[in-house]
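K.L.:
Shown below is the structure under consideration.
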Amino acid sequence: MKVTVVGAGNVGATCADVLAYREVANEIVLVDIKEGLAEGKSLDIWQKAPIDLYDSRTIGATNDYSKSANSDVVVITSGLPRKPGMSRDDLIGTNAGIVKSVTENIIKYSPRAIIIVVSNPLDVMTYQAHLTSKLPRTKVFGMAGILDTARYRAFLAEALNVSPKDIQAMLLGGHGDTMVPLPRYTTVAGIPVTELIDKDKLNAILERTKVGGGELVKLMGTSAWYAPGSAAAQMVEAIVKDQRRVFPVCIRLDGEYGIKDCYLGVPVILGKNGIERVIELDLNSEERALMESSRKAVREVMDVLENLG
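Mapped onto the UniProt record's numbering, the consecutive letters of the sequence shown carry residue numbers 1 to 309.
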């Protein structure tokens, strides 16, 4: 099996490192626009193989997508962070151009690859990759929900003083402060979380989760990378190993949840064919109202992209 990660920054390099350590693929290719960056990081990952005892071979390339030929899965992490004075429209236009170019190169050399988008703004960049690739929606989707639920579960584990391994949770909607929390689908070793924590504390954790990315930016001056990179790697592993894991994933909805032509996070079964099935939960009226608010927010950003042409 062969996996390519486009973008050798912190998120992309972490994703490649986790994939190698877990021996998810025989060959892992890192591609970046910066001269020598992908080659250096892939060499560094390969040189720790004798220490961590794995056989996955990591290869780097500067703007040479021929090295990625015949990849089974491609992860796109490319894009620029928002800079001072840059409007949201500027960021969308810049990163959409990057994702479009990357996707064209991916399809040129790996026309049957499954594409996972990590670039921000996540929902609209998934839209751009889908438009460019012309692949079915089950083959082009975004990573956000796994990261958001991981933050939620980590905060709960800390508050309850339990292992994060025992916490299961689900979040829907857009990536960021319009995400849709589902406390009634959150359990600790099968026990509803509402039986273990009071409502105010749970709400505080949910609010912290919504701004989880912003909290890290304030602390470090840059975006997170360990958790996002690991989340993308977990999606790749589910596909390559046909694990049929149930994950929240950003996909274009075609009528599910009463929503059409909008990219939102919903639970899916992830396997060798990409998204094997979209799972439609029976939301209550409050949850549906939150989902509609999230849809409007994401649709607004999608409209920006469409207006930019």
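Ideal Cβ positions, reconstructed from N, Cα and C, are used throughout, including at glycine.
Nothing here was measured: the structure is a model prediction, and the numbers come from that model.
1. Could you tell me which of Gly36, Ser71, Ile45 sits nearest to Ala61, measuring between CA atoms?
2. Could you have a look at Leu172 and say whether DSSP puts it in helix, strand or coil?
3. Between which two residues does the alpha helix (DSSP H) harbouring Thr149 extend?
4. Note down the Cα distance separating Leu131 from Ile51, rounded to an integer number of angstroms.
5. Tell me the residue span of the beta strand (DSSP E) that contains Glu27.
6. Look at the alpha carbon of Gly309 and the alpha carbon of Gly255, and state the distance between them as a whole number of angstroms.
7. Please name the residue or residues paired with Leu202 in a DSSP beta bridge.
8. With respect to the beta strand (DSSP E) encompassing Leu270, which residues constitute its N-terminal and C-terminal limits?
9. Less than 9 Å between the C-beta atoms of Ala25 and Asp72, yes or no?
10. Given a threshold of 16 other Cβ atoms within 10 Å of its Cβ, counted over all protein chains shown, does Lys41 qualify as buried or as exposed?
11. Take every Cβ of the region 214-226, pair it with every Cβ of the region 179-197, and state whether three or more of those distances are shorter than 8 Å.
12. Go through its chain and collect everything with a Cβ distance to Thr103's Cβ below 6 Å, but skip five positions before and after it.
13. Quick one: grab the DSSP three-state call for Met1.
14. Nearest by alpha-carbon distance to Glu292: which of Glu158, Thr77, Gly174, Glu27 is it?
15. On a Cα-Cα basis, can you pick out the residue from Ala20, Pro81, Phe155, Ala69 that is closest to Ala49?
16. In this structure, how does DSSP classify Ala61 when only helix, strand and coil are distinguished?
17. Taking only three categories from DSSP, how would you classify Pro121?
18. Counting along the chain, where does the alpha helix (DSSP H) carrying Val236 start and finish?
19. Thinking C-alpha only, which one of Glu306, Val301, Leu264, Val5 is nearest Lys67?
20. Does the separation of the CB atoms of Val298 and Val124 fall below 9 Å?
21. Residue range of the alpha helix (DSSP H) that Ile45 falls in?
22. How is Val249 classed by DSSP in three states: helix, strand or coil?
23. To the nearest whole angstrom, what separates the beta carbons of Ala232 and Ile116, a pair I think is in contact under 8 Å?
24. Nearest-angstrom Cα distance between Gln234 and Val3?
25. Count the other CB atoms, across all protein chains shown, that sit within 10 Å of the CB of Asn120; report buried if there are 16 or more and exposed otherwise.
26. Let me confirm a value: Arg208 is counted as buried when at least 16 other C-beta atoms fall within 10 Å, else exposed. Which label applies?
P.N.:
Let me lay it out:
1. As a first step, residue 61 is located in the sequence shown; it is residue number 61 there, counting from the start. Of the residues Gly36, Ser71, Ile45, the one whose Cα lies closest to the Cα of Ala61 is Gly36.
2. On the sequence shown, position 172 is the one that residue 172 refers to. It is a strand residue.
3. Walking along the sequence shown from the start, residue 149 turns up at place 149. Element bounds for Thr149: 145-160.
4. In the sequence shown, counting from the first residue as 1, residue 131 sits at position 131. In the sequence shown, counting from the first residue as 1, residue 51 sits at position 51. The alpha-carbon atoms of Leu131 and Ile51 are separated by roughly 42 Å.
5. Your numbering for residue 27 matches position 27 in the sequence shown. DSSP places Glu27 inside the beta strand (DSSP E), whose first and last residues are 27-32.
6. Here residue 309 is taken as the residue at index 309 of the sequence shown, counted from 1. Here residue 255 is taken as the residue at index 255 of the sequence shown, counted from 1. Each residue's alpha carbon lies about 25 Å from the other.
7. Counting from 1 along the sequence shown, the entry for residue 202 is found at position 202. BP columns for Leu202 are empty, so no partner.
8. Working through the sequence shown from its first residue, we reach residue 270 at position 270. Start and end: 260-271.
9. Taking the sequence shown and counting its residues from 1, the one referred to as residue 25 is at position 25. Taking the sequence shown and counting its residues from 1, the one referred to as residue 72 is at position 72. Yes, the Cβ-Cβ distance between Ala25 and Asp72 is below 9 Å.
10. Here residue 41 corresponds to residue number 41 of the sequence shown, with the count starting at 1. Lys41 is buried by the Cβ-count criterion.
11. The region 214-226 and the region 179-197 do not touch, with fewer than 3 CB-CB distances between them shorter than 8 Å.
12. Your numbering for residue 103 matches position 103 in the sequence shown. Excluding sequence neighbours, Thr103 sits near Ala129, Thr132, Ser133.
13. Sequence index remark: in the sequence shown, residue 1 carries index 1 (1-based). Three-state DSSP puts Met1 in coil, outside helix and strand.
14. The residue you call residue 292 lines up with position 292 of the sequence shown. Looking at the Cα atoms, Gly174 is the closest of the given residues.
15. As a first step, residue 49 is located in the sequence shown; it is residue number 49 there, counting from the start. Looking at Ala20, Pro81, Phe155, Ala69, the one whose alpha-carbon comes closest to that of Ala49 is Ala20.
16. As a first step, residue 61 is located in the sequence shown; it is residue number 61 there, counting from the start. DSSP places Ala61 in strand when its eight states are reduced to three.
17. Counting from 1 along the sequence shown, the entry for residue 121 is found at position 121. Residue state, collapsed to three classes: coil.
18. Counting from 1 along the sequence shown, the entry for residue 236 is found at position 236. Start and end: 226-240.
19. Here the question's residue 67 lines up with position 67 in the sequence shown. Among Glu306, Val301, Leu264, Val5, the Cα nearest to that of Lys67 belongs to Val5.
20. Here residue 298 corresponds to residue number 298 of the sequence shown, with the count starting at 1. Here residue 124 corresponds to residue number 124 of the sequence shown, with the count starting at 1. Taking 9 Å as the Cβ cut-off, Val298 and Val124 qualify as a contacting pair.
21. Along the sequence shown, read from residue 1 onward, the residue named residue 45 stands at position 45. Note, Ile45: alpha helix (DSSP H), 37-47.
22. Along the sequence shown, one-based indexing puts residue 249 at 249. The DSSP-derived three-state label of Val249 is strand.
23. For this step, residue 232 is matched to residue 232 along the sequence shown. For this step, residue 116 is matched to residue 116 along the sequence shown. Their Cβ separation, rounded to whole angstroms, is 6 Å, which keeps Ala232 and Ile116 in contact under 8 Å.
24. For the purposes of this step, residue 234 is taken as residue 234 along the sequence shown, with counting starting at 1. For the purposes of this step, residue 3 is taken as residue 3 along the sequence shown, with counting starting at 1. Rounded to the nearest whole angstrom, the CA to CA distance from Gln234 to Val3 is 13 Å.
25. Your numbering for residue 120 matches position 120 in the sequence shown. When all chains shown are included, Asn120 counts as buried.
26. As a first step, residue 208 is located in the sequence shown; it is residue number 208 there, counting from the start. So Arg208 ends up on the exposed side.
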